[in-house]
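K.L.:
Residue numbers for the sequence shown follow the numbering used here, so the first one is -17 and each next one is one higher.
Right, I'll just put the structure down here and ask away after.
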Amino acid sequence: MARPGLGLRPGALAKPAGREDPAAAALHLARRRGGGQRRRGGLHGHSCLRPEVRHGGAGGDCLQRGARGGRRHSRSRPGRPGMSNKFLPVFVSNARYGNQKLLPRLLQGGGDPQALLTFCHNHRRIGIGSLLLLCDTEAFQSHLYRSGRALLALGAPADGAWPVALSRATPFFDALAAFDLEGARELAVRAPRARRTDSEYEEDFLYVRFLMDHCLLGQPAPEAHKALDRFEAVLQGSEEPRLEVCQALLAREEKRFQEALQRMVSAQLKRYAHLRERGRLPQETWATEAKVCVEGLALGVLAERVGLRMPDEHPGLPSVARCRQPPAAPPDIWKEED
């Protein structure tokens, strides 16, 4: 039985007419133009809210700790994801304040798809900020969990008529990274099986659909091979680490998976740095998503389910951010104010 959604026509977020996060739009354009790679899907909500600081400090060296023994490093290395940002507490506070304003509207069914994605993205930002500032792994997992469950409850009707294009449903990766396999699987069951030709690239759709079908829903190997053949054909020879990641998952090749994942995450971090140099990346994004790659962590969860290990340490994939157990909170925790 379908859960209550947002009461909007399908495709309402197909082209969000100037409401898309400028950082996400720029990142997508850079990916399409740079390195022979095409645009990657994914919509990140963004809002300019009051700079209210509710907690101080920006220590943020949690990610400097190695996987062995939780050792601290006294100095931040250039380019390391644990580098602190003095405004990070403000960004986290803004995201929390934004969700306090959005939550009543969403609970009353009055939010639109963009409001839902902004709500989910704010939870991701709060989670990453909590990890960087306080090394609070429980808060990191909790907020990613809330993001995925909010999408499942409000934006994922069982008939597949989502108000959000599949490749823009980034809370799916939040659910996986939080080790909420039940929630991620339910999203996969409800997800659209047809691409929105007017709003998403086919390779973006095929990528997410493969992860859902093969890695979560037990798609037979012949069908999975066919899906990846189509993925490869659509790319027309363009280099695409996401395809290599999917091929490695299907072949169960650990070294190949690790190398492809590292290339994918490194390319993403380089794009963020390039956009920042050009003044096209908001500070909030640079302080959070440019330090922790939630999508990469999600792929690691899928890999470990089939016996493939993650790389020991890699920028953007800190070991402290890798969830190993399902969240203990109830599924409707997203309804509670933080």
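Every residue, glycine too, gets a C-beta built ideally from N, C-alpha and C.
Going by C-alpha distance, which of E271, V302 and F161 is nearest V283?
P.N.:
F161
K.L.:
In this structure, how does DSSP classify K237 when only helix, strand and coil are distinguished?
P.N.:
If DSSP states are grouped into helix, strand and coil, K237 belongs with the helices.
K.L.:
Measure the CB-CB distance between A132 and F155 and report whether it falls below 8 angstroms.
P.N.:
no
K.L.:
Closer than 7 angstroms by C-beta to E319: which residues in its own chain qualify, once you throw out the five before and the five after it? Chain order, please.
P.N.:
Closer than 7 angstroms at the Cβ level, and outside the excluded window around E319, lie Q82 and L85.
K.L.:
For the putative contact between P174 and G137, defined by C-beta atoms under 8 angstroms, what is the C-beta separation to the nearest angstrom?
P.N.:
No, P174 and G137 are not in contact; Cβ-Cβ is about 11 angstroms, not under 8 angstroms.
K.L.:
Rounded C-beta distance between L158 and A280? I'm assuming under 8 angstroms.
P.N.:
4 angstroms
K.L.:
Identify whether H344 lies in helix, strand or coil by the three-state DSSP scheme.
P.N.:
One cannot answer for residue 344 here, as it falls past the ends of the chain, which runs -17 to 320.
K.L.:
My output table needs one value for P308: the three-state DSSP class, helix, strand or coil.
P.N.:
coil
K.L.:
Straight-line CA distance for K208 to C228?
P.N.:
12 angstroms
K.L.:
Comparing C-alpha positions only, which one of E271, V190 and Y254 sits nearest to L114?
P.N.:
Taking the Cα of L114 as reference, the smallest distance to any Cα among E271, V190 and Y254 is reached at E271.
K.L.:
Over the uninterrupted alpha helix (DSSP H) stretch that includes D186, give me the two end residues.
P.N.:
E184 to F192
K.L.:
Please state if the CB of A170 and the CB of F192 are separated by a distance shorter than 8 angstroms.
P.N.:
no
K.L.:
Less than 8 angstroms between the CB atoms is what I'm expecting for G361 and F122, so what's the real figure, rounded?
P.N.:
The structure shown has nothing for residue 361, since the chain only spans -17 to 320.
K.L.:
Are L299 and C275 touching if we call contact CB-CB under 8 angstroms?
P.N.:
yes
K.L.:
Quick one: using the 10 Å Cβ neighbour count with 16 as the cut-off for buried, is T152 buried or exposed?
P.N.:
buried
K.L.:
Considering just the uninterrupted stretch of the alpha helix (DSSP H) at K83, what are its terminal residues?
P.N.:
Unbroken alpha helix (DSSP H) run through K83: L70 to L89.
K.L.:
Once you ignore the five residues that flank Y254 on each side, which residues in its own chain have a CB closer than 8 angstroms to its CB?
P.N.:
L9, L263, T267, W268, E271 and A272
K.L.:
Leaving aside the five residues before and after M292 along the sequence, list all residues of the same chain whose C-beta is less than 6 angstroms from its C-beta, in chain order.
P.N.:
G282
K.L.:
Drop a sphere of 10 angstroms on the beta-carbon of E185, count the other beta-carbons inside from all chains shown, and report buried for 16 or more, exposed for fewer.
P.N.:
buried
K.L.:
Just the Cα atoms here: how many angstroms apart are D294 and K237?
P.N.:
12 angstroms
K.L.:
Nearest to R297 by alpha carbon, out of Q307, M246 and D314?
P.N.:
It should be pointed out that residue 297 corresponds to Pro in this sequence rather than to Arg. Ranking Q307, M246 and D314 by Cα distance to P297 puts M246 first.
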